[in-house]
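A.B. asks: Quick one: this structure, given as C-alpha cells, is what I'll be asking you about.
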Amino acid sequence: MRPESIDFNNPERSTIPTRRSRTRQTQQAITYGKRKTTRGTTHLVSQQRKKSMKATQAPQTNQVEMIRDLAVGTSHQCDGQHDGRIFIKTNLRFDVDALFELLFSPAGSTFLRKFHAGRSSTDLCFGKWNCNVAGQQERQVSMIVALQANVGPKSARIVERQTIRQCSAKGEIYSIDVESLNQGIPYADVFTILMHYCLKRSPGNTTDILVVGDINFVKSTWAIVKTFILKHSLEGMAEYFYSLHQQLLKEAETMNRR
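If you read the sequence shown in the working numbering, its first letter stands for residue 8, the second for the next number, and so on.
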C-alpha cells in the first residue's frame with residue numbers, strides 16, 4: 008500500500024483513510040487473501056485427490072481379483088436347459104477343470120475308461136473336439152454297452168454327440184449337452200436320450216454338478232411301446248448315473264489323500 012499523505016492547505020484532499028475506508032480496505036484485503044488461499048487449497052486438494060485415487064486403484068483391483076478367487080461360487084450362469092429328471096445334483100471335491108477332464112477329456116480319462124470297463128463296455132472311441140457351424144465345441148463318443156435285460160439283445164451300440172455350450176468358461180463353468188442314439192435294440196430309431204451336464208465352480212475348490220436327462224421321441228409310436236421305452240430307459244439312466252456318482256466320490260477321496 009502507498010504511504011498516507013496529508014495536505015495541510017486542503018484537508019479535504021488528504022489521503023488519510025477514515026475508519027470506514029480502513030474497514031473496507033481491510034475486508035477487501037482479507038477477501039483477496041481468502042480467494043488466493045481458496046484457489047491454492049482447491050488446487051492442492053484436487054492434486055491430492057488424484058494421487059489418492061491413483062494410489063487406491065491398484066489395491067482395489069487386486070482386492071477384486073482376490074474376491075473372485077475366494078468367491079461364493081462362480082458368477083457365470085448356465086444357459087442350458089435344466090428340464091427333465093435329475094440324476095445327479097451334488098457337490099464334489101474336485102476343481103471344476105479337473106472334474107471336466109475326468110468326464111470329457113479329449114482322449115477319455117483313465118478314470119472314465121476304468122469306469123466303462125467295470126461296466127463291461129467295450130470299443131470305446133472318443134472323437135476330437137471340433138468347432139461346429141454354431142461355433143460350439145462338439146465331438147462324438149461311441150461304445151458298446153452290456154444290457155442287463157433277461158430277454159432280447161445282450162448289448163447295444165451307443166453313439167453320443169457331446170456339445171460344449173458357449174456359456175462355458177474355463178475355471179468357472181462347463182455346460183455340456185449330450186444326445187445319445189441307440190443301435191441294435193428294438194425301436195432304436197423311435198427315440199433319443201437327451202442329457203445335460205452343468206459343472207459350476209463352488210467354494211473350497213469344489214464343484215457343483217447337476218445332471219438331468221429325458222427321453223426325446225423322434226417318431227410316433229404306440230402308447231404301450233412308448234411306456235416301455237420310458238420305463239426301461241429312465242431306469243437304465245438312473246442306474247448308470249448312480250454308479251458314476253459313487254465312482255466319482257471314491258476318486259475324489261483318493262485324489263484328496265495325495
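Where a beta carbon is used, it is the ideal one built from N, C-alpha and C, also for glycine. Since the structure is predicted, the reported quantities are computational estimates derived from the model, not experimental observations.
Rank E145, F248, S227 by C-alpha distance to the C-alpha of S112 and give the top, closest one.
C.D. replies: Indexing the sequence shown from 1 puts residue 112 at position 105. Of E145, F248, S227, the residue nearest in Cα terms is E145.
A.B. asks: Which value, in whole angstroms, describes the spacing of the CA atoms of N189 and Q173?
C.D. replies: For this step, residue 189 is matched to residue 182 along the sequence shown. For this step, residue 173 is matched to residue 166 along the sequence shown. Taking the straight line from one Cα to the other gives about 27 Å.
A.B. asks: Just curious, the beta strand (DSSP E) that A141 is in, first and last residue?
C.D. replies: Indexing the sequence shown from 1 puts residue 141 at position 134. Unbroken run through A141: none, as it is neither H nor E.
A.B. asks: Spell out whether any CB of chain B is found under 8 Å from the CB atom of I231.
C.D. replies: The structure shown contains no chain B, having only a single protein chain.
A.B. asks: Measure the alpha-carbon distance for T63 versus A141 and round it to whole angstroms.
C.D. replies: Here residue 63 is taken as the residue at index 56 of the sequence shown, counted from 1. Here residue 141 is taken as the residue at index 134 of the sequence shown, counted from 1. In this predicted model, T63 has a pLDDT of only 41, less than 50, meaning its place in the structure is not dependable enough to derive any value.
A.B. asks: Who are the Cβ neighbours of G191 in its own chain at under 8 Å, not counting the five residues just before and after it?
C.D. replies: In the sequence shown, the residue the question calls residue 191 occupies position 184. Closer than 8 Å at the Cβ level, and outside the excluded window around G191, lie P160, S162, A163, R164.
A.B. asks: Which residues mark the beginning and the end of the alpha helix (DSSP H) in which Y194 is found?
C.D. replies: As a position in the sequence shown, residue 194 is number 187, starting the count at 1. No alpha helix (DSSP H) contains Y194, which DSSP labels as neither H nor E.
A.B. asks: On the premise that T199 lies in contact with K207, defined as a C-beta separation below 8 Å, what is that separation, rounded to the nearest angstrom?
C.D. replies: The count along the sequence shown starts at 1 and reaches residue 207 at position 200. The count along the sequence shown starts at 1 and reaches residue 199 at position 192. Contact flag wrong, Cβ pair sits at about 26 Å.
A.B. asks: Taking 6 Å as the limit between beta carbons, can you name the residues of its chain near N139, skipping five residues before and five after?
C.D. replies: Here residue 139 is taken as the residue at index 132 of the sequence shown, counted from 1. Around N139: E145.
A.B. asks: Measure from the alpha carbon of P210 to the alpha carbon of each residue in V152, G178, I183, G220, then state which is nearest.
C.D. replies: Here residue 210 corresponds to residue number 203 of the sequence shown, with the count starting at 1. With respect to the C-alpha of P210, the residue from V152, G178, I183, G220 having the closest C-alpha is G178.
A.B. asks: In chain order, what are the residue ranges of uninterrupted beta strand (DSSP E) at least 3 long that sit wholly in the segment 184-249?
C.D. replies: 198-209, 213-224
A.B. asks: Alpha carbons only, please: which of P193, R265, N263, L251 is nearest the one belonging to H239?
C.D. replies: Mapped onto the sequence shown, residue 239 falls at position 232. The shortest Cα separation from H239 among P193, R265, N263, L251 belongs to P193.
A.B. asks: Report the CB separation of S182 from D86 in whole angstroms; it is logged as a contact under 8 Å.
C.D. replies: Locating residue 182 in the sequence shown gives position 175, where the first residue counts as 1. Locating residue 86 in the sequence shown gives position 79, where the first residue counts as 1. S182 to D86, Cβ: 7 Å. Contact.
A.B. asks: Please work out which residues of its chain come closer than 8 Å, Cβ to Cβ, to V232, disregarding the five sequence neighbours upstream and downstream, and give them in chain order.
C.D. replies: Counting from 1 along the sequence shown, the entry for residue 232 is found at position 225. Correct list, in chain order: Y194, V197.
A.B. asks: Relative to the C-alpha of F224, which residue among L201, M244, N212, L119 is closest?
C.D. replies: For the purposes of this step, residue 224 is taken as the residue at position 217 of the sequence shown. Here the closest residue by C-alpha is L201.
A.B. asks: From T129 to M150, what does the alpha carbon distance come to, in whole angstroms?
C.D. replies: As a first step, residue 129 is located in the sequence shown; it is residue number 122 there, counting from the start. As a first step, residue 150 is located in the sequence shown; it is residue number 143 there, counting from the start. About 6 Å.
A.B. asks: Exposed or buried, what is H203 when buried is set at 16 or more other beta-carbons lying within 10 Å of its beta-carbon?
C.D. replies: In the sequence shown, the residue the question calls residue 203 occupies position 196. Classification for H203: buried.
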